[in-house]
Structure formats: structure tokens, C-alpha cells
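Student: Residue numbers (full-length UniProt numbering), protein chains in the order written: chain A, 1 to 140; chain B, 1 to 140. Below you'll find the structure I mean.
There are 2 protein chains.
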Amino acid sequence: MPDSHQEFTLTPVGHVSSTLTDRASAPKQGTEGAPEAWLIFEPVVVPALDGLRPGDRVFVLTWLHLSPRDVLRVHPRDDQSTPLRGVFATRSPDRPNPIGLHPVEILEVAGRRVRVRGLEALDNTPVLDVKPILPGEPGA
Amino acid sequence: MPDSHQEFTLTPVGHVSSTLTDRASAPKQGTEGAPEAWLIFEPVVVPALDGLRPGDRVFVLTWLHLSPRDVLRVHPRDDQSTPLRGVFATRSPDRPNPIGLHPVEILEVAGRRVRVRGLEALDNTPVLDVKPILPGEPGA
């Protein structure tokens, strides 16, 4: 069994530039009216973008920097009339490791800037990773 | 623009118990013959599992602890005849923040142990998060 007290360090590879600035008014999912947004990558990781093309569907992983990490159960979708549920059974941003997972479509790749459709993350949210959605896997 | 030198700290919420012990022989995707595996959660996060049921499809997020983080371009699927490609356009485990994203099916929930189908992560891989795959989103 591994050491349960280990820690790992994340370094953002970029950040979100979006007109969404307020958690209360942001859509809860990208399919619920998220505007177009830009991913602005650090210059040092630009080679990692090689091969991304408009039309590609990818997962963007973010660090939900405004989320409390000590919440283990929530009312799904902030609806107080819904019974409490474990955060691992919800997509609440409040969770021990607040990593956001966002399926988006790439619209444009311009140097270290990538324009996407369907991203509900707030302006300035740190970006951790981008992964293509594979044919044949859930998400294709 | 946010501070590009910020860092974030991840704390594992559990680990993988699997018969897969060797990166070279492990399947590259969970659909490519991954065995059943157990997720063993830390006792403190057990409330976060409330509501997970057999048959649920979830994403498991892991920390790919054996992966180098300074690789920005790879030959997809370790095939040297394929041109180099940016890691953000591949699912290579080698990437700046080596977070693994694994769609799996829950088979059994037993206290702090959850048995899953379709997980290609190696034995002892740290688990960071679990998220349900939502109806209507890619992955449903």
C-alpha cells in the first residue's frame, strides 16, 4: 500500500480567458449556455499543442481555484431540497482535489492561444492539461 | 492574468489495487483488455462515495506517478514510425501534469473499496478524484 501522506505538485500550463467572472451566475455545465472562451498557454508548453486542430473534441482539465476542498457531501446542483450526496457521485466543484473536467470543441489554434466552445470555467481559471477525446471511448 | 509561477498541491484520496504492475505490458486504454481492479479510498473520504452504485459509469482521475513531466511531444502509442505529436493531442501518460483520466464502470461498492471494470492504471497508482459521467455530455 502506498504512503497515504504523499503529496503531488501541479504547475498550471495556462489559464482560461472568458467573459464568465462569477461562480454564482456561471452555467453549471458547458452544455448549459457557456460562451466561447480562450485557453492561453504558457510559452514553454506550446510544443505540447502540436497536432490540435479546429473541430477536435478535447477534455480540458482545470484547477477550480475558488472551490473549498473540505466538502465531502453536497446538495446536487446547489438544490437544498435534494438529499446530500457524496461529491464523488456529483460534478460539484467542491471536492478534495478540485480538478475540473470540461469536454469542449476546439474552434481555433493561434500560437499559444486556443479558442474553444462549451467551457463553463471562470475567467483566470488555471489550466492543467488537455486530452483528446478518443474514438470508441465514452466521450467520443 | 494569473501568476504563472503558482503551484497547487494534490493529496491522493486513495489508490488503485490491480494485477497490472508493469507499464510496458499494461493496456494503453481501459477498453484494450484491462482487468477488473479495486479503488481503495482513504477512510476520511468515505462520505464522498455516498450515492455511487453498481452500474454507474464514472471517470476516475489518477496521478500517473511513473511518468516523466518534461516530455512535450511523443510518438503516439510509442510507435516510432508515427510523427512526433504534442502531448496535449495525445493520451500519453507523459505530460506536464500527469493526471490520468479513466472512464470505468462501477461493479461493487464495499465500504471504502470500489470494484471497477475497464481501468488500465497500474497497481498502487494514486487516485485523485471520481466524477460521474453525466447524461447528455460526451461520455454518457
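Just so you know, even glycine gets a beta-carbon here, dropped at the ideal spot from N, CA and C. Quick caveat, the model's predicted, so the values are computed rather than measured.
#1: Going along the chain, which residues of the region 55-78 of chain B sit with their C-beta nearer than 7 Å to a C-beta in chain A?
#2: DSSP three-state label for B/L49, please.
#3: What do you reckon, are the CB atoms on B/P98 and B/L64 nearer than 7 Å?
#4: When Cβ atoms are compared, which residues of the region 12-24 of chain B fall closer than 7 Å to chain A?
#5: Would you say A/R113 lies against chain B (beta-carbon separation less than 7 Å)?
#6: Pull up the distance between the alpha-carbon of B/P12 and that of A/E42, whole angstroms please.
#7: Could you work out which residue in A/S25, A/L61, A/G86, A/P132 is closest to A/P126 when comparing CA atoms only?
#8: Which residues bound the beta strand (DSSP E) around B/R57?
#9: Just curious, the beta strand (DSSP E) that A/T9 is in, first and last residue?
#10: When DSSP builds the beta bridges, which residues end up paired with A/S17?
#11: First and last residue of the beta strand (DSSP E) that includes B/P103?
#12: Let's see if you can read the secondary structure: which residues bound the beta strand (DSSP E) around B/D129?
#13: Should A/A26 and A/E105 be called a contact, given that it needs their Cβ atoms to be closer than 7 Å?
Tutor: On the basis of the coordinates in this document:
#1: R57, F59, L61, W63, L72, R73
#2: Numbered from its first residue, the second sequence carries residue 49 of chain B at position 49. When secondary structure is reduced to three states using DSSP, B/L49 falls in the helix class.
#3: Here residue 98 of chain B corresponds to residue number 98 of the second sequence, with the count starting at 1. Here residue 64 of chain B corresponds to residue number 64 of the second sequence, with the count starting at 1. Yes; because the gap between Cβ atoms is below 7 Å, this pair is in contact.
#4: P12, V13, H15
#5: Taking the first sequence and counting its residues from 1, the one referred to as residue 113 of chain A is at position 113. No, its Cβ sits nowhere closer than 7 Å to a Cβ of chain B.
#6: Start at 1 with the first residue of the second sequence, and residue 12 of chain B comes out as number 12. Start at 1 with the first residue of the first sequence, and residue 42 of chain A comes out as number 42. The alpha-carbon atoms of B/P12 and A/E42 are separated by roughly 26 Å.
#7: Counted from its first residue, the first sequence places residue 126 of chain A at position 126. Checked all of A/S25, A/L61, A/G86, A/P132; the closest Cα to A/P126 is A/L61.
#8: Translated into the one-based positions of the second sequence, residue 57 of chain B becomes position 57. Bounds of the beta strand (DSSP E) holding B/R57 are 57-63.
#9: Position 9 of the first sequence, counting from 1, holds the residue named residue 9 of chain A. Its beta strand (DSSP E) spans residues 8-10.
#10: Looking up residue 17 of chain A in the first sequence gives position 17. Looking at the DSSP assignment, A/S17 forms a beta bridge with A/W38.
#11: The sequence position of residue 103 of chain B within the second sequence is 103, counting from 1. B/P103 -> beta strand (DSSP E) spans 99-110.
#12: For the purposes of this step, residue 129 of chain B is identified with residue 129 of the second sequence, where counting begins at 1. Per DSSP, the unbroken beta strand (DSSP E) holding B/D129 starts and ends at 126-132.
#13: Stepping through the first sequence from its first residue, residue 26 of chain A is reached at position 26. Stepping through the first sequence from its first residue, residue 105 of chain A is reached at position 105. No, these two residues do not count as a Cβ contact at 7 Å.
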